[in-house]
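Here the sequence shown is numbered in this note's numbering, starting from 226 and rising by one per residue. Where is the CB? At the ideal position from N, CA and C, for every residue including glycine. Treat the numbers as computed from the prediction; the structure is a model and nothing was measured. To start, the structure under review is shown below, and the notes come after it.
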Amino acid sequence: MQKPKISIYDFTDCEGCQIKLIALKEKFLILGKRVDIVNWRLGQENNESGPFDISIIEGAPITQYEIDLLKKLRKESKVLIGLGSCATLGGIPGIIDKAQRKKWYKKIYGDNYRPRGVDALPLSAYVKVDFLIHGCPINENEVIQAMEDLLAGKEPKYCDYSVCFECKQANNPCRLLDNFPCLGPIIQGGCNAICISGGSPCYGCFGLREDAEKKNLIKILEKITDQKEIDRYFSMFLNKVNK
Ligand code: SF4
Ligand code: SF4
Ligand code: SF4
Numbered sequence: 226m227q228k229p230k231i232s233i234y235d236f237t238d239c240e241g242c243q244i245k246l247i248a249l250k251e252k253f254l255i256l257g258k259r260v261d262i263v264n265w266r267l268g269q270e271n272n273e274s275g276p277f278d279i280s281i282i283e284g285a286p287i288t289q290y291e292i293d294l295l296k297k298l299r300k301e302s303k304v305l306i307g308l309g310s311c312a313t314l315g316g317i318p319g320i321i322d323k324a325q326r327k328k329w330y331k332k333i334y335g336d337n338y339r340p341r342g343v344d345a346l347p348l349s350a351y352v353k354v355d356f357l358i359h360g361c362p363i364n365e366n367e368v369i370q371a372m373e374d375l376l377a378g379k380e381p382k383y384c385d386y387s388v389c390f391e392c393k394q395a396n397n398p399c400r401l402l403d404n405f406p407c408l409g410p411i412i413q414g415g416c417n418a419i420c421i422s423g424g425s426p427c428y429g430c431f432g433l434r435e436d437a438e439k440k441n442l443i444k445i446l447e448k449i450t451d452q453k454e455i456d457r458y459f460s461m462f463l464n465k466v467n468k
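Rendered as structure tokens:
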């Protein structure tokens, strides 16, 4: 039986999520016995063009070339997966302050520079995406789980809990109770609350939960900090998604 053909592409990003794939080593090699990775610029020399059974795409498409390639990959792929917050939420490329953009281009690159970037939006702004693997960077085990599900003919599932659930499991004191901001209650779990365990707040790189009670959290945040700070929290990863 022919093995499913997989492609792994990347648009504008830091490639950190693909590095996590490479770091999977044995698990990815075992998976590799059941699939053919036929196109992976970062991982191998010889690459085939589509059609593909599954395309995994990292990064935000910010140039017309990348947007056109994304649309082509959508047509050529039975299943299209977004890998990492740049792909799923616009991520780090999406944080840019548009009002300041021209000034910084001029300061850094000079008067003659003509930027090719259009905007940094998630993949879903342009095409239907079948599954999102959030995170900056991803939790690589979520990739393996999603692939296992797909290979078994099942639809991959999102975690049914928020970052708070994992934060409690890690025995962290709650930042909100100590009057520090945190977006954990409305954010999809899966990262093991790594930031809070390391002493930082959750900025939401795993994306909003389906049932996110955003308004309720904002009411709590308003008692802790000012609107500018609340906007800053939401602008990190969540201002490109319409929820
Ligand atoms: S989601 Fe984060 S780690 Fe992954 S490619 Fe984007 S910036 Fe890099
Ligand atoms: S610190 Fe943040 S993630 Fe942890 S329980 Fe409190 S709100 Fe939730
Ligand atoms: S704690 Fe929040 S910001 Fe940190 S990795 Fe998890 S979802 Fe992302």
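Is residue i near ligand 1 - that is, is its Cβ less than 7 angstroms away from at least one heavy atom of it?
i    : result
S349 : no
I320 : no
I317 : yes
E240 : yes
By alpha-carbon positions, which one of the options ends up nearest to residue i?
i    : options                : result
L509 : K328, P276, L308, K448 : Given that the chain is displayed from residue 226 to residue 468, the structure contains no residue 509 and the question cannot be resolved.
I419 : N397, Q227, P406, L375 : N397
G241 : E283, L295, E291, V368 : E283
Y428 : C407, Y334, C416, I443 : C407
G423 : K300, C392, N272, W265 : C392
K439 : I455, P426, Y338, D451 : I455
E365 : G415, L298, R266       : G415
D385 : K353, I445, F431, L375 : F431
F277 : L314, I287, A285, W265 : W265
Name the DSSP bridge partner or partners of residue i?
i    : result
L433 : I412
S302 : F277
D235 : E283
I262 : I231
I363 : G360
L308 : E283, I358
S387 : Q413
Just the C-alpha distance for residue i and residue j, rounded to the nearest angstrom, thanks.
i    : j    : result
S280 : S232 : 5 angstroms
D322 : I443 : 22 angstroms
Y290 : H359 : 24 angstroms
A312 : L295 : 11 angstroms
D235 : R434 : 25 angstroms
K468 : D436 : With a pLDDT of 48 at K468, under the threshold of 50, the modelled position of that residue is not reliable, and the figure given next carries that caveat. Going by the C-alpha atoms only, they are around 10 angstroms apart.
S302 : G275 : 7 angstroms
I320 : E273 : 33 angstroms
I292 : C239 : 18 angstroms
Is there at least one non-hydrogen atom of ligand 3 closer than 7 angstroms to the beta-carbon of residue i?
i    : result
V352 : no
C416 : yes
I363 : no
Y383 : no
V388 : yes
Would you say residue i touches ligand 2, meaning its beta carbon is less than 7 angstroms from a heavy atom?
i    : result
I421 : yes
P286 : no
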